[in-house]
């Protein structure tokens, strides 16, 4: 039943897959690698000059060489690997050119003419982000975009100089000789945002009621914590002074902002100063995902993203540190 349900879902989303035939022989078929041209990356300079964008593309190309030291990307079999560079909008207090590197895993299959082809319409993909310091994709929430406030996980471990791991699966690669890349937002600062947002309410009754709630919440915060780090939780304000509640520790994430002092502005804006990525390191879990894919979907082809995710480990991530400052 599970196999039938998954195939039906695929046929609805991608009708051509309903007639696709995966074969175990395709898993060993030599694959291809290409960096897809994105002429618009440097075509509309905007905040950055064309020279800065062109130089940044060269650094991103060097980054792909580091990524391809991973065995699944080094010896491509069973799929076509395509990488894209995309410019991103700079956030508050960011300095360099922000961009993403998208790696697509286009698995081979047989079409109705029994020819070997691969899917290029929204294939499975993995992302890496450069010079985007305003949070961890998948692990951070916006608190106040105008102020540049966002949340950061509590569980942090430095696994190598310039490599921090959050919650065992979110990574920041940075220059350890620089000041902290994130700095805390105080309870005072975060609560002021909550009051400013509440003041925008146009209905007078609701605005007054919200003001009462906020006053009550503020009075419950000990004065000694007003200038200490804030955490994302609590009532209407979504601001609290502790990361736990009711005997539960590590319940509320930190509220932070990008530290403008982190960026080395003696470097060109094209330089890579900050990298974030998501790579689960629970290998037994990833193995179960891969085994499940191989069992129910394609008997060897079509599971290239989970195969990569299973193979991508700490040593792969550490290698990216060599790109910082370049």
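Numbering (this note's numbering), first residue to last: 564 to 889. The beta carbon of each residue, even a glycine, is placed where N, CA and C say it ideally should be.
Rounded C-alpha distance that separates residue i from residue j
| i | j | result |
| --- | --- | --- |
| residue 595 | residue 806 | 48 Å |
| residue 690 | residue 817 | 24 Å |
| residue 815 | residue 754 | 15 Å |
| residue 863 | residue 590 | The predicted position of residue 863 is uncertain, since its pLDDT is 49 and thus under 50; a value taken from the coordinates is nonetheless stated next. Answer to the nearest angstrom: the Cα atoms are 5 Å apart. |
| residue 880 | residue 786 | 42 Å |
| residue 599 | residue 828 | 30 Å |
| residue 765 | residue 687 | 45 Å |
| residue 731 | residue 717 | 11 Å |
| residue 703 | residue 804 | 18 Å |
| residue 790 | residue 784 | 11 Å |
| residue 733 | residue 655 | 22 Å |
| residue 653 | residue 609 | 11 Å |
| residue 711 | residue 821 | 7 Å |
| residue 637 | residue 871 | 11 Å |
| residue 883 | residue 628 | 10 Å |
| residue 802 | residue 793 | 6 Å |
| residue 739 | residue 763 | 41 Å |
Boundaries (first-last residue) of the alpha helix (DSSP H) holding residue i
| i | result |
| --- | --- |
| residue 781 | 767-782 |
| residue 882 | 877-882 |
| residue 664 | Per DSSP, residue 664 belongs to no alpha helix (DSSP H); it is in the beta strand (DSSP E), 662-673. |
| residue 727 | Counting along the chain, residue 727 falls outside any alpha helix (DSSP H), though it belongs to the beta strand (DSSP E) covering 726-729. |
| residue 505 | Nothing can be reported for residue 505: it is not among the residues displayed for the chain, which extend from 564 to 889. |
For residue i, three-class secondary structure by DSSP
| i | result |
| --- | --- |
| residue 870 | helix |
| residue 654 | coil |
| residue 696 | coil |
| residue 622 | helix |
| residue 862 | Only weak support exists for where residue 862 lies, its pLDDT of 48 falling under 50; the value from the coordinates is given anyway. It is coil, neither helix nor strand. |
| residue 749 | strand |
| residue 788 | helix |
| residue 914 | Since the first residue shown for the chain is 564 and the last is 889, residue 914 is missing from the structure and cannot be characterised. |
| residue 830 | coil |
| residue 611 | coil |
| residue 635 | helix |
| residue 627 | helix |
| residue 824 | coil |
| residue 713 | strand |
Residue from the options with nearest C-alpha to residue i
| i | options | result |
| --- | --- | --- |
| residue 759 | 626, 706, 675 | 706 |
| residue 673 | 588, 822, 857, 803 | 588 |
| residue 910 | 854, 858, 867, 834 | What is shown of the chain runs 564 to 889, which leaves residue 910 out entirely. |
| residue 604 | 662, 740, 781, 593 | 662 |
| residue 621 | 638, 655, 664 | 664 |
| residue 885 | 610, 625, 612 | 625 |
| residue 614 | 795, 831, 838, 869 | 831 |
| residue 826 | 869, 888, 840 | 888 |
| residue 869 | 782, 658, 668 | 668 |
| residue 854 | 762, 675, 866 | 866 |
| residue 795 | 757, 842, 778 | 757 |
| residue 836 | 693, 611, 593 | 693 |
| residue 843 | 824, 675, 729 | 729 |
Endpoints, the beta strand (DSSP E) within which residue i is located
| i | result |
| --- | --- |
| residue 679 | 679-681 |
| residue 763 | Element bounds for residue 763: n/a, residue is neither H nor E. |
| residue 707 | 705-707 |
| residue 596 | 595-598 |
| residue 735 | 733-736 |
*How about the segment 617-633 and the segment 869-885: do they share at least three Cβ pairs that are nearer than 8 Å?*
yes
_At least three beta-carbon pairs within less than 8 Å, the segment 676-696 to the segment 638-653_ = yes
*Does the segment 840-851 touch the segment 760-771, meaning 3 or more C-beta pairs lie closer than 8 Å?*
no
*asked:* Check whether the segment 719-726 and the segment 744-751 touch, using three or more Cβ-Cβ pairs below 8 Å as the test.
replied: Flag = no, the segment 719-726 and the segment 744-751 do not touch.
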